[in-house]
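With my numbering applied, the sequence shown corresponds to residues 11 to 233, in that order.
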Amino acid sequence: MRIRQDGKSSRLLVLLTWVVPLALLLLSGCVSLAKSFPDKHYYALHVTRQGDPGVPVPGAVLEVRGLFVSPRFEGKELVYRTGNTSYESDFYNAWFVSPSAMLTQQIQNWLRNASLFEHVAATRSYLDATHILEGTVTALYGDYRQQGEQKAVVGMHIVLIEDNSTRTAIVFQRDYQQMVELTEPSPDELTRGWNEGLQQIFMALEEDLRRVNLKANNQKPAS
C-alpha cells in the first residue's frame with residue numbers, strides 16, 4: 011500500500027534533502043574563503059635625531075614645504091622593485107598616511123631638533139620665512155631584484171632657497187640616496203631599512219646645511 015504525500019510534504023522533503031545541505035555547504039565555503047585573505051597591515055616611518063642641538067642663527071626662519079613624491083612611489087601601498095624596469099605594489103602592506111605628509115613631517119622634526127634655524131615652520135605659517143626648503147622623494151622602494159640581496163632604497167633631492175626683499179636664490183641643493191641591506195624580504199624589515207636610510211640622509215643634510223651661510227641677508231625689513 012502506497013502512502014500518498016500531499017504537496018506540502020513533498021516540498022518539505024525536497025527542502026530538507028537538497029536545499030538546506032546545499033545552503034550549509036555554500037555558507038561554509040564563503041566563511042573559509044573569507045578567512046583565506048591575509049590581513050592588511052599599515053606602516054609609518056619615524057626617525058629620531060640623536061645628539062645635542064646646535065646654536066640657531068638669530069632671525070633665520072625656515073619654511074619646509076610639502077615634499078613632492080615621484081609618481082612611482084606616491085601611493086599608499088608599499089612598492090617593490092622586481093626587475094630593471096618592473097615594480098610591484100603590495101595591497102596588503104601600506105602606509106598609514108601618504109608618503110608626502112609622512113616624510114615632510116619627519117624632515118621638519120629633524121631640522122627643528124637640529125636648531126640650525128631660529129624657527130622651523132610648516133607651509134602657511136604666519137612667520138616670514140628667510141629660507142625655504144623644498145624636496146622631491148626620488149626613491150622609496152624595496153629592491154628585490156636579487157634573491158638574498160634585498161635592499162631598502164630611499165632617495166631625495168633637496169633644495170634650500172634664500173627668500174628676502176632683495177633676492178630669491180637657491181643657496182644649496184643636493185641629491186641624497188641610501189641603500190640599506192635587509193636580512194629578509196619582509197615589510198617590517200623593509201621599514202626598518204627605510205628608517206635607517208632616512209636617518210643617514212637627514213644626518214648628511216644637517217651637516218651640509220651647517221656649512222651654508224644662513225646669516226647672509228637673512229633679515230627682512232619691517233613692512
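Even glycine gets a Cβ: it sits at the ideal position worked out from N, Cα and C.
Check	Outcome
Cα separation between Asp-62 and Ser-125?	9 angstroms
Could you check if Asp-185 is buried or exposed, using at least 16 other CB atoms within 10 Å of its CB as the buried criterion?	exposed
With DSSP as the reference, label Phe-182 as helix, strand or coil.	strand
Can you list the alpha helix (DSSP H) stretches of 4 or more residues lying completely in the stretch 153-225, in chain order?	197-220
Since Val-71 and Ala-132 should fall inside the 8 angstroms C-beta cutoff, what is the C-beta to C-beta distance between them, to a whole number of angstroms?	Going by Cβ atoms, the distance from Val-71 to Ala-132 rounds to 12 angstroms, so no, they are not a contact pair.
What is the rounded straight-line gap between the Cα of Val-41 and the Cα of Ala-104?	Low per-residue confidence applies at Val-41: pLDDT is 45, beneath 50, and the placement is therefore not dependable enough to give any value.
Measuring CA to CA, which of Glu-98, Arg-75 and Gly-93 is closest to Lys-86?	Glu-98
What three-state label does DSSP hand Pro-109 in the structure shown?	helix
Kindly indicate the opening and closing residues of the beta strand (DSSP E) around His-1.	Because the chain in this structure spans residues 11 to 233, residue 1 falls outside the shown range and cannot be described.
Restricting to Cα atoms, I'd like to know which of Ser-175, Asp-173 and Val-57 is closest to Trp-204.	Val-57
When DSSP labels each residue in this structure, what does Ala-124 get in the three-state scheme?	helix
For Asn-119, which three-state DSSP category applies?	helix
Buried or exposed for Ile-168, going by 16 or more other Cβ atoms inside 10 Å?	buried
Could you have a look at Val-41 and say whether DSSP puts it in helix, strand or coil?	Only weak support is given to the placement of Val-41: the predicted model assigns it a pLDDT of 45, under 50, and the question is left unresolved by the model.
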